[in-house]
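*Asks:* Structure provided below as structure tokens; questions to follow.
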Amino acid sequence: MSIALRLALNLPRDAATVPMARRLLDQALRTLGVEPGCRDDIGLILTEACANVIEHARDIDDYEISIDVSDLRCVIHVVNDGSMVDPGRLVLATEMSDRELAALDFAVLDEHGRGLHIIRALADELYLTAGQAGGLVLQAVTTLRWTSDAEIWQRR
């Protein structure tokens with residue numbers, strides 16, 4: 001038996017949408033039986049990805065989120081079709097080695113330099129690609145951890 005969940009949201013580019021999207025995702029993951037710590041990590045990934053769109057995307061009124069959950073992983077896509085302030089700077093975060101990432105002193109990074117580093121630290125995989133109409137597509141993949149009472153997944 002396999003269960004798949006897909007959430008798709010088209011949201012206005014407004015900071016007020018971020019907590020709503022995070023709560024919706026958390027409720028879905030909780031209902032499925034994902035461990036609280038894993039839900040927190042995934043929620044922070046989503047929050048940072050959305051915050052990047054709200055802060056850095058230009059010339060757009062809305063953005064898209066899609067979340068695909070399977071028995072093993074959660075894949076988050078955050079898509080904006082606007083222009084980015086400096087897409088080259090964003091790509092650097094995905095190209096850092098684990099050693100470079102571990103050596104970062106987050107205390108010295110300014111407020112606007114931490115989001116992708118946080119996502120990279122929490123996600124198993126992180127990809128940034130150009131969107132079809134411009135802008136950026138962020139894809140973060142995280143392996144799910146299940147609570148002991150997530151029976152539907154343990155019967156597989």
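Position 139 of the sequence shown, counted from 1, bears residue number 139 in UniProt numbering, the numbering being contiguous throughout. Note that CB positions come from ideal geometry on N, CA and C, so glycine has one too. Keep in mind that this is a model prediction, so the values were computed, not measured.
#1: Along the beta strand (DSSP E) that carries Asp62, what are the first and last residues, could you check?
#2: What whole-angstrom Cβ distance do Leu126 and Arg120 have, given they're in contact under 8 Å?
#3: Three or more C-beta pairs closer than 8 Å, one from the segment 6 to 14 and one from the segment 31 to 42: is that the case here?
#4: On the CB-based measure, 16 or more other CB atoms within 10 Å of its CB, does residue 161 come out buried or exposed?
#5: Determine the direct distance from the alpha carbon of Arg145 to that of Pro87, and round the result to whole angstroms.
#6: Would you mind reading off the limits of the alpha helix (DSSP H) that contains residue 196?
#7: Excluding five sequence neighbours on each side, which residues of the same chain lie with their C-beta closer than 6 Å to the C-beta of Thr17?
#8: Please go through the same chain and pick out, in chain order, the residues whose beta-carbon is closer than 8 Å to the beta-carbon of Leu72, but skip the five residues on each side of it.
#9: Output needed for Asp149: all residues of its chain with C-beta closer than 8 Å, excluding positions within five of it in sequence on either side, in chain order.
#10: Which residues bound the alpha helix (DSSP H) around Leu116?
#11: Between Ala4 and the rest of its own chain, which residues show a CB-CB distance below 6 Å, the 5 nearest in sequence each way excluded?
#12: Who are the near neighbours of Gln139 in its chain, counting only those whose CB is closer than 6 Å to its CB and skipping five residues on each side?
#13: Going along the chain, which residues of its own chain have a beta-carbon closer than 8 Å to the beta-carbon of Gln132, five neighbours each way excluded?
#14: How would you write the range of the alpha helix (DSSP H) that Ala150 sits in, first residue to last?
*Replies:* On the basis of the supplied data:
#1: On the sequence shown, residue 62 is found 62 positions in, with the first residue counted as 1. First-last of the beta strand (DSSP E) with Asp62: Asp62 to Val69.
#2: As a first step, residue 126 must be located in the sequence shown, where it is residue number 126. As a first step, residue 120 must be located in the sequence shown, where it is residue number 120. That belief holds up - the Cβ atoms of Leu126 and Arg120 are roughly 5 Å apart, short of 8 Å.
#3: no
#4: Outside the modelled stretch of the chain, which goes from 1 to 156, sits residue 161, for which no answer is possible.
#5: Counting from one through the sequence shown, the residue named residue 87 turns up at place 87. Counting from one through the sequence shown, the residue named residue 145 turns up at place 145. Because the pLDDT of Pro87 is 49, which lies under 50, any placement of that residue in the model is unreliable, and the number read from its coordinates should be weighed accordingly. The alpha-carbon atoms of Pro87 and Arg145 are separated by roughly 32 Å.
#6: Any property of residue 196 remains undetermined from this structure, which presents the chain solely from 1 to 156.
#7: Here residue 17 corresponds to residue number 17 of the sequence shown, with the count starting at 1. Leu11.
#8: Locating residue 72 in the sequence shown gives position 72, counting from the first residue. Excluding positions up to five away in sequence, the list reads Thr143 and Leu144.
#9: As a working mapping, residue 149 is identified with position 149 in the sequence shown. Excluding positions up to five away in sequence, the list reads Gly33.
#10: Numbered from 1 along the sequence shown, position 116 holds the residue referred to as residue 116. Where Leu116 is concerned, the enclosing alpha helix (DSSP H) stretches over Gly115 to Leu122.
#11: As a working mapping, residue 4 is identified with position 4 in the sequence shown. Here the set comprises Ser70.
#12: Counted from its first residue, the sequence shown places residue 139 at position 139. Closer than 6 Å at the Cβ level, and outside the excluded window around Gln139, lie His77 and Tyr127.
#13: In the sequence shown, counting from the first residue as 1, residue 132 sits at position 132. Excluding sequence neighbours, Gln132 sits near Asp81.
#14: Your numbering for residue 150 matches position 150 in the sequence shown. No alpha helix (DSSP H) holds Ala150; DSSP gives it neither H nor E.
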